[in-house]
Amino acid sequence: MMKLIYAVILLFSLSSWAKPTDQLIILTTFTVESLQPLLKQFKQLYPEVHFTVLHRREISGLRLLSYDDHDIDIVISSSRSLFTPLVEKERLLPLNALNFDTAFQQQRFLQDSITNVAIFGYSGYGLMWNNDYLEKHNLPLPNKWESLADPRYFNHLVMSSPARSGTTHVMVENILQHYGWKNGWKLLLQIGGNLSSVSARSYGVKDSIARGLAGVGPIIDSYAYESQKLFPFIHFSYQPKSPLIPSYIAAVKNLNQARRSIEFIEFLLSEEIQQKLSTSSLNKYALDQTMAQPFEITPIDHKLMEERSILVKQLFEQTVNRQLIRLNQAWQLIHKVRQRNDLSSEELRQYNLAIRLASTPPISEAQSRNSQMRSAISMSRTDVYTARLLEEWRILMAEQLDQAISICEKLLEGSKHEGNR
Numbered sequence: 118m119m120k121l122i123y124a125v126i127l128l129f130s131l132s133s134w135a136k137p138t139d140q141l142i143i144l145t146t147f148t149v150e151s152l153q154p155l156l157k158q159f160k161q162l163y164p165e166v167h168f169t170v171l172h173r174r175e176i177s178g179l180r181l182l183s184y185d186d187h188d189i190d191i192v193i194s195s196s197r198s199l200f201t202p203l204v205e206k207e208r209l210l211p212l213n214a215l216n217f218d219t220a221f222q223q224q225r226f227l228q229d230s231i232t233n234v235a236i237f238g239y240s241g242y243g244l245m246w247n248n249d250y251l252e253k254h255n256l257p258l259p260n261k262w263e264s265l266a267d268p269r270y271f272n273h274l275v276m277s278s279p280a281r282s283g284t285t286h287v288m289v290e291n292i293l294q295h296y297g298w299k300n301g302w303k304l305l306l307q308i309g310g311n312l313s314s315v316s317a318r319s320y321g322v323k324d325s326i327a328r329g330l331a332g333v334g335p336i337i338d339s340y341a342y343e344s345q346k347l348f349p350f351i352h353f354s355y356q357p358k359s360p361l362i363p364s365y366i367a368a369v370k371n372l373n374q375a376r377r378s379i380e381f382i383e384f385l386l387s388e389e390i391q392q393k394l395s396t397s398s399l400n401k402y403a404l405d406q407t408m409a410q411p412f413e414i415t416p417i418d419h420k421l422m423e424e425r426s427i428l429v430k431q432l433f434e435q436t437v438n439r440q441l442i443r444l445n446q447a448w449q450l451i452h453k454v455r456q457r458n459d460l461s462s463e464e465l466r467q468y469n470l471a472i473r474l475a476s477t478p479p480i481s482e483a484q485s486r487n488s489q490m491r492s493a494i495s496m497s498r499t500d501v502y503t504a505r506l507l508e509e510w511r512i513l514m515a516e517q518l519d520q521a522i523s524i525c526e527k528l529l530e531g532s533k534h535e536g537n538r
């Protein structure tokens, strides 16, 4: 008898769980504040809807979506990789009824469309700077990635980490694809040598520059434009030969399916919202809108980016973020040695060795292609294989930087002795 009662209770519970609900749960990498006005406007159309917004970074969001019993209805993000596992597992609701133009999206953004994922807006990225800060420190205006390696920017830059920001991941990957693995990391490590800090989030880059804690940093345009509305000394220019960054939205299948998931996507694609998207709290360009500052758009290989995503993120953490003090010291000394114009052939050889040591990552491009390593490495702090691998990278990078520092110190010490003769 008791078993029968339990069975009835369980059956009733399961049927309750399966009923559509008016609670719309949104997972997003965007700030909650940027979405609130749009949610308020949607609620005027559907007063019965209640929103719960979960702001998460990409890694945390992927973890939540991996659970079979999650209640997430909508995913909004500029991170394409957040949607890939949902597509592979067929966890997205079909968007056939919306009849949006996937061919147009494909042509507009120079990338393959993703099944049942809509693009409702887009952004670009570039360099943001505080003009008052640059004038105070007598610094030149930045114009491209290479300019950030200029020794005059030492301790005046800030950026986020690809492990903490999906946009920064696109930036870093674009550098690696444009310059190649070897020269790409060389540039990243040179820029790293000029960093005053690595921000915990990309939003922090905007804050640091606006508050005058740093002068320049790579950032998505929406954050820069947000700051420009408040501070006239904030300037921004797009990075040439970079990709557009679409804003994606999809509806996710779950046990407590929200009634208005598809309607919310339709709402963001509506003409009314599209017309006001660039002036809204999201600061995104509408799908058919032209950018304020045109630049040469270069597509990014998303397949390659996703295949080595975790590897690149972890490598940046171990070579830049975890080595920032050593990087600063090594490149400051390298820049000092460069000012000497009396280097002997042997000293010049040592100087070039110091540069190679300070601008070479712990693994080569051939090693980075190792499929077993790519699939085994994770973002988990408890994974034994990953922890061992990261320690190897960290130790090797530290040894290279220490050696570069030692070489430069000896070269500078030698110049002092020459001067005293």
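Numbering-wise, the sequence shown is residues 118 to 538 according to this note's numbering. All residues carry an ideal CB built from backbone N, CA and C; glycine is no exception.
Would Pro363 pass as a contact of Ser198 if the rule is Cβ separation under 8 angstroms? As a working note, residue 363 is residue 246 in the sequence shown. As a working note, residue 198 is residue 81 in the sequence shown. Contact check for Pro363 against Ser198 fails: the beta carbons are separated by 8 angstroms or more.
Assumed close pair Arg269, Leu256 - CB separation to whole angstroms, cut-off 8 angstroms: Residue 269 sits at position 152 when you count from the first residue of the sequence shown. Residue 256 sits at position 139 when you count from the first residue of the sequence shown. Contact check for Arg269 and Leu256: beta-carbon distance about 6 angstroms, within the 8 angstroms limit, so the pair qualifies.
How long is the line joining the alpha carbons of His419 and Gln294, rounded to whole angstroms? As a first step, residue 419 must be located in the sequence shown, where it is residue number 302. As a first step, residue 294 must be located in the sequence shown, where it is residue number 177. Taking C-alpha positions only, His419 is separated from Gln294 by approximately 11 angstroms.
Helix, strand or coil at Val166 [DSSP, three-state]: Numbered from 1 along the sequence shown, position 49 holds the residue referred to as residue 166. Residue state for Val166 is assigned as coil, using DSSP reduced to three classes.
Along the chain, where does the alpha helix (DSSP H) that runs through Leu485 open and close? Taking the sequence shown and counting its residues from 1, one reaches residue 485 at position 368. Note that residue 485 corresponds to Ser in the displayed sequence, not to Leu. Run containing Ser485: 482-485, per the alpha helix (DSSP H) assignment.
Give every residue of the same chain whose Cβ lies closer than 7 angstroms to the Cβ of Met514, excluding the five residues on either side of it in the sequence, and list them in chain order. Taking the sequence shown and counting its residues from 1, one reaches residue 514 at position 397. The residues are Gln435, Thr436, Gln440, Pro479.
Just to check my reading of the structure: Val315 and Ser344 have Cβ atoms closer than 8 angstroms, yes? What is that Cβ distance to the nearest angstrom? The sequence position of residue 315 within the sequence shown is 198, counting from 1. The sequence position of residue 344 within the sequence shown is 227, counting from 1. Not a contact, Cβ separation roughly 19 angstroms.
Inter-residue CB distance, Phe147 and Leu156 (contact presumed, cutoff 8 angstroms): Reading the sequence shown from its first residue, position 30 is the one you call residue 147. Reading the sequence shown from its first residue, position 39 is the one you call residue 156. Taking the Cβ atoms as the reference, Phe147 lies roughly 12 angstroms from Leu156, outside the contact range of under 8 angstroms.
May I have a chain-ordered list of the alpha helix (DSSP H) segments no shorter than 4 residues that lie completely inside the segment 326-402? Correct list: 338-345, 378-386, 388-393.
Can you tell me which residues form a DSSP beta bridge with Asn247? Residue 247 sits at position 130 when you count from the first residue of the sequence shown. DSSP, once it has assigned bridges, lists Ile351 as partnering Asn247.
Separation of Glu530 from Arg457, as counted between CA atoms: Taking the sequence shown and counting its residues from 1, the one referred to as residue 457 is at position 340. Taking the sequence shown and counting its residues from 1, the one referred to as residue 530 is at position 413. Looking at the two C-alpha atoms, the distance is approximately 12 angstroms.
Under the three-state DSSP convention, the category Gly297 falls into: Locating residue 297 in the sequence shown gives position 180, where the first residue counts as 1. In the structure shown, Gly297 sits in coil (DSSP, three-state: anything other than H, G, I, E or B).
Run of the alpha helix (DSSP H) containing Tyr184, from where it starts to where it stops: Your numbering for residue 184 matches position 67 in the sequence shown. In the DSSP assignment, Tyr184 falls outside any alpha helix (DSSP H), carrying neither H nor E.
Relative to the C-alpha of Cys525, which candidate in Ala504, Glu389, Gln446, Leu507 has its C-alpha closest? As a first step, residue 525 must be located in the sequence shown, where it is residue number 408. Ranking Ala504, Glu389, Gln446, Leu507 by Cα distance to Cys525 puts Gln446 first.
Just checking my contact of Gln73 with Pro137 at CB under 8 angstroms: how many whole Å lie between their CB atoms? The structure shown does not extend to residue 73, since the chain is modelled only from 118 through 538, so no value can be given for it.
Alpha carbon to alpha carbon, how far is Phe381 from Leu131? Give it in angstroms, no decimals. As a working mapping, residue 131 is identified with position 14 in the sequence shown. As a working mapping, residue 381 is identified with position 264 in the sequence shown. Any reading at Leu131 is ruled out, since the residue's pLDDT is 38, under 50, leaving its predicted position unreliable.
Going by C-alpha to C-alpha distance, which of Pro349, Pro335, Thr232 sits closest to Leu265? The residue you call residue 265 lines up with position 148 of the sequence shown. Distance from the Cα of Leu265 is smallest, within the candidate group Pro349, Pro335, Thr232, for Pro335.
Using a Cβ-Cβ cut-off of 8 angstroms (strictly less than) and excluding sequence neighbours within five positions of Met408, which residues of its own chain qualify? The sequence position of residue 408 within the sequence shown is 291, counting from 1. The answer, listed in chain order, is Gly241, Tyr355, Tyr402.
Which stretch, first to last residue, makes up the alpha helix (DSSP H) that contains Ser194? One-based indexing of the sequence shown puts residue 194 at position 77. Counting along the chain, Ser194 sits inside no alpha helix (DSSP H); it lies in the beta strand (DSSP E) bounded by residues 191-194.
Just checking my contact of Pro357 with Lys261 at CB under 8 angstroms: how many whole Å lie between their CB atoms? Mapped onto the sequence shown, residue 357 falls at position 240. Mapped onto the sequence shown, residue 261 falls at position 144. That belief holds up - the Cβ atoms of Pro357 and Lys261 are roughly 6 angstroms apart, short of 8 angstroms.
Between Pro154 and Ser398, is the Cβ-Cβ spacing less than 8 angstroms? The residue labelled residue 154 in the question sits at position 37 within the sequence shown. The residue labelled residue 398 in the question sits at position 281 within the sequence shown. Yes, Cβ-Cβ distance for Pro154 and Ser398 is below 8 angstroms.
How close, in whole Å, do the beta carbons of Trp246 and Gly332 come, if the pair is a contact with beta carbons under 8 angstroms? Position 129 of the sequence shown, counted from the start, is the residue given in the question as residue 246. Position 215 of the sequence shown, counted from the start, is the residue given in the question as residue 332. Indeed they touch by this definition, with Cβ atoms about 6 angstroms apart.
Provide the residue span of the beta strand (DSSP E) that contains Thr201, from first to last. Numbered from 1 along the sequence shown, position 84 holds the residue referred to as residue 201. For Thr201, there is no enclosing beta strand (DSSP E); the enclosing alpha helix (DSSP H) covers residues 201-205.
Exposed unless 16 or more other CB atoms sit within 10 angstroms - verdict on His273: Locating residue 273 in the sequence shown gives position 156, counting from the first residue. It counts as buried.
When the distance is taken between beta carbons, is Ser395 closer than 8 angstroms to Gln406? In the sequence shown, the residue the question calls residue 406 occupies position 289. In the sequence shown, the residue the question calls residue 395 occupies position 278. Yes, the pair counts as a contact, with Cβ atoms nearer than the cut-off.
Determine the direct distance from the alpha carbon of Leu171 to that of Leu212, and round the result to whole angstroms. Numbered from its first residue, the sequence shown carries residue 212 at position 95. Numbered from its first residue, the sequence shown carries residue 171 at position 54. When rounded, the distance between both Cα atoms is 23 angstroms.
Extent of the continuous alpha helix (DSSP H) to which Thr436 belongs: Taking the first residue of the sequence shown as position 1, residue 436 is located at position 319. Looking at the DSSP string, the run of the alpha helix (DSSP H) that includes Thr436 is 426-436.
Under 8 angstroms, do Leu181 and Leu144 count as touching if we go by C-beta distance? The residue given as residue 181 occupies position 64 in the sequence shown. The residue given as residue 144 occupies position 27 in the sequence shown. Between Leu181 and Leu144, the C-beta spacing is below 8 angstroms.
Helix, strand or coil for Ser230? Go by DSSP, reduced to three states. Here residue 230 refers to the residue found at position 113 of the sequence shown. Ser230: coil per DSSP, three-state reduction.
If you run the structure through DSSP and keep just helix, strand and coil, what is Thr284? Along the sequence shown, one-based indexing puts residue 284 at 167. Three-state result, Thr284: helix.
Contacting residues, own chain, Cβ-Cβ under 6 angstroms from Tyr163 (five flanking each side not counted): On the sequence shown, residue 163 is found 46 positions in, with the first residue counted as 1. Only Arg377 meet the Cβ criterion.
Alpha helix (DSSP H) containing Ile442: first to last residue? For the purposes of this step, residue 442 is taken as residue 325 along the sequence shown, with counting starting at 1. Ile442 -> alpha helix (DSSP H) spans 441-455.
CA-CA distance, Glu424 and Arg491? Residue 424 sits at position 307 when you count from the first residue of the sequence shown. Residue 491 sits at position 374 when you count from the first residue of the sequence shown. The straight-line gap from Cα to Cα measures roughly 7 angstroms.
Trp134 versus Phe159 - alpha carbon distance: To locate residue 134, count along the sequence shown from 1; it is residue 17. To locate residue 159, count along the sequence shown from 1; it is residue 42. In this predicted model, Trp134 has a pLDDT of only 43, less than 50, meaning its place in the structure is not dependable; the value taken from the coordinates is given anyway. In this model, Trp134 and Phe159 are separated by some 25 angstroms (Cα to Cα).
May I ask you to list the residues that DSSP assigns as paired with Thr145? Position 28 of the sequence shown, counted from the start, is the residue given in the question as residue 145. Residue pairing by DSSP places Thr145 opposite His172, Ile193 in a beta bridge.
Residue range of the unbroken alpha helix (DSSP H) whose run includes Tyr270: Walking along the sequence shown from the start, residue 270 turns up at place 153. No alpha helix (DSSP H) contains Tyr270, which DSSP labels as neither H nor E.
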